[in-house]
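S.K.: Mind looking over this structure? Questions follow.
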Amino acid sequence: MWQLLAALAALLPLGLAEEGCGPGPYALSPPFDQKHSEDVCKTCVSANCRWCPFSQSCAHPSSWFSGRDSSCMNKNDFKPVESGNGCGAPPTEWMTLLESNYGKGLSASGANGDLMRCLQGRVERWQMWPDPDPRAVDWGDGELSDFSCASALIREAVVASLSTGSSFMNFMLNNSAEQLVKARALSEGWEATERETNFCAVYKQFFPKEYCEVKTYGEYDFSQLRKAYSSYASQGGDVPSDYSNDLKDSLQRGPLRPSDLKKEALFLTTWDFKYSLLMGFEEKSNLEKMVRGDKEAIPLKDHLRSNPYSLLQRVFSLVQIKILKKKDVYVLVLANENHGLERKISPEKVPAEGVVQRYDLKGKSRKQTKKSINPYVGINGDFTEQQQNELRLRNWQCKNFLKYLQPDLSWLESHDLTEYSLFVEVAGNSVGCSGLPKVPLCNACLEDTTTLAIVDYFKDKTWTSTSPKKFSAQMMEFAGQVCLTDKKEGMESWQVFLIVFSVAVLLVGGAFLGWKYGAGFMRSDRPHELRDAPQSMEMTQQNLHQQGTQGPPAGWNQGWNQGYQGAPPGYYNQGAPQNFA
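Numbering (my numbering) for the sequence shown: 5 to 585.
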């Protein structure tokens, strides 16, 4: 019996150690430097735990008690440490990569927190940080880690696509003679460029057998589009002078956010909500034809040159990622579909929910009474019920909307595209469109502010869809029905204010002029304006004398002047005597 008790007593420290080993105070977190690693290592082994130098985590010393909690990644190259003497090893390669490329941004609320959450859900005994986005989907640790991996990789992939937009053109110019065959092959298709990323360099350190790949598409074509958006294709408002730098800045501000437009999180937004990303894009071939042109259908850039206020949602970049043992996924970067209306209404870090009503509208190709099952975006039936099937725009705004819509529909028809939608966002108060694109993209009225855009315009005709010509005609007909140009209209609040203000200005101005010149008239010393009795009498008598009717009255004891300085012609009498006294 005493032998059994002795054995249990010997194992007791290991059992107690199980409670203290693992994530928590013994798991290394930034900064990833040698001094910090050594301190955490000593804390770990002092609690009768075992330090794993590759994963920088604290494990249970015996697998008999904790199984996987005692394992150490890559233990053949990095021997586990069980005493303080073994602490203080140089940083691993992944530690150096993280610290040199991401630094302070690796904090829980930092710009690169998504990279840490990606690893925390995969590396042994790393403690998971909560998502900093208050609107985040209610995910478990595994789902949050998966999303964070995608977020970190997508951001680096898109930034890489922005950095060398002229690489394709430079290759064509410099190497076409030496590598004629390769250059010709590239010129006949959309070039795909494999990109190395810091994220994949770190990820492969832990999981060398897993996928982590990035490709970018059409770098030169998209670089030209981004330049066009800042120049002749500007939609007005606070347009960035360089969309490439502006998009890069947005991507580097923080992790991507799951959009509430789709509960399955296929739509993402940048941390600052300025740009949208469609994950799982499937129409690469159609997009290439639109951007570069196809037969007689002109390129998107040329269409925008003729139609700067086009309602087409702007596209900025296309990348492809492969991670987490999954198939290739295309990600399309787009302009925000509401042109920044939500941020204008709710300028806090996260826009308040319910500040706008959203609608995805189509013509007769969709049943007009059908309602949406998505609580965040309504369709035609919801629009009819909530907005009485009417865009609350002024007549002149509707005319502009229809004017700019027609060329867009014709261009989409020329590319054989169907299934696109008119995306409408309505704010229940007139916040105005200052800083946002101009009419017809943003429309401020008495009661509402409404933004309009054409979205999802990358699908071509399928056996289930309406022909492109018929579809565009139905969309134009629908637009004319919901945005009438001959409505009876009252005055807008700004018009009433302008009238009241103008009347007030006239009244105040008239009062001021009356005070200034009326009072001046009474005070003037000019003879035709005198009001002093003796001088008035003198003026009258002099005029009579000039006319030969009479001289000064009897008993007039005032001097008789030849005239008055500054008096108008006719008041002078140079032949009059100097004094009649």
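Built from N, CA and C at the ideal position, the CB exists for glycine as well.
Closest to L166 by C-alpha separation, out of R261, D246, D145, would be which residue?
M.R.: D246
S.K.: Could you name the residues of the same chain whose beta carbon sits closer than 7 angstroms to that of D298, not counting the 5 residues immediately before and after it, in chain order?
M.R.: H419
S.K.: Out of curiosity, what's the CA-to-CA distance linking S111 and T470?
M.R.: 51 angstroms
S.K.: Where does D464 fall in DSSP's three states?
M.R.: strand
S.K.: Please report the distance separating the alpha-carbon of D460 from that of R347.
M.R.: 22 angstroms
S.K.: Of all the alpha helix (DSSP H) runs that stay within the bounds of the region 354 to 434, which reach a length of 4 or more residues?
M.R.: 384 to 391, 399 to 418
S.K.: Could you give the residue range of the alpha helix (DSSP H) that holds C48?
M.R.: 38 to 50
S.K.: Going along the chain, which residues of its own chain have a beta-carbon closer than 6 angstroms to the beta-carbon of T453, five neighbours each way excluded?
M.R.: A431, S434, V435
S.K.: Just the Cα atoms here: how many angstroms apart are L291 and C76?
M.R.: Using only the alpha carbons, I get a separation of about 47 angstroms.
S.K.: Is it buried or exposed for Q578, if we count other Cβ within 10 angstroms and need 16 for buried?
M.R.: With a pLDDT of 49 at Q578, under the threshold of 50, the predicted position of this residue should be treated as unreliable, and no value is reported.
S.K.: Between which residues of its own chain and C437 is the CB-CB distance below 6 angstroms, once the five residues before and five after are set aside?
M.R.: C446, A448
S.K.: To the nearest angstrom, report how far apart C25 and S50 are at their CA atoms.
M.R.: 11 angstroms
S.K.: Closer than 8 angstroms is the cut-off here; do at least three beta carbon pairs connect the region 118 to 127 with the region 141 to 154?
M.R.: These segments touch.
S.K.: Classify S61 as buried or exposed, calling it buried when 16 or more other Cβ atoms lie within 10 Å of its own Cβ.
M.R.: buried
S.K.: For C122, name the three-state secondary structure that DSSP assigns.
M.R.: helix
S.K.: Classify N384: buried if its beta carbon has 16 or more other beta carbons within 10 angstroms, exposed otherwise.
M.R.: Burial check for N384: the Cβ neighbour count within 10 Å reaches 16 or more, so the residue is buried.
S.K.: I think L308 touches A232, with their Cβ atoms under 8 angstroms apart; what is that distance to the nearest whole Å?
M.R.: 6 angstroms
S.K.: For the beta strand (DSSP E) containing I458, name the first residue and the last one.
M.R.: Note, I458: beta strand (DSSP E), 453 to 459.
S.K.: Tell me the DSSP secondary structure of I302 in three-state form.
M.R.: Three-state DSSP puts I302 in coil, outside helix and strand.
S.K.: Helix, strand or coil, according to DSSP, for R54 in the structure here?
M.R.: strand
S.K.: When you compare each of E357, L281, K375 to V337 by their alpha carbons, which one comes out closest?
M.R.: L281
S.K.: So, using beta-carbon positions, are L119 and F210 closer together than 8 angstroms?
M.R.: no
S.K.: Between the Cα of V360 and those of V381, N340, I377, K366, spot the shortest distance and give me the residue it belongs to.
M.R.: V381
S.K.: Taking 8 angstroms as the limit between beta carbons, can you name the residues of its chain near S238, skipping five residues before and five after?
M.R.: P312
S.K.: Assuming T422 and K463 form a contact by the criterion Cβ under 8 angstroms, report the distance between their Cβ atoms to the nearest whole angstrom.
M.R.: 6 angstroms
S.K.: Tell me the DSSP bridge mates of Q131?
M.R.: As computed with DSSP, Q131 is found in no beta bridge at all.
S.K.: Identify every residue that forms a DSSP beta bridge with C62.
M.R.: W55
S.K.: Check P244 in the structure and name its three-state DSSP category.
M.R.: coil
S.K.: Report all residues from its chain with a CB closer than 8 angstroms to the CB of S87; omit the five preceding and five following residues, and keep chain order.
M.R.: V49
S.K.: I'd like to know whether the C-beta atoms of T201 and K219 end up nearer to each other than 8 angstroms.
M.R.: no
S.K.: Do Q478 and K368 count as a contact pair if the criterion is CB distance below 8 angstroms?
M.R.: yes
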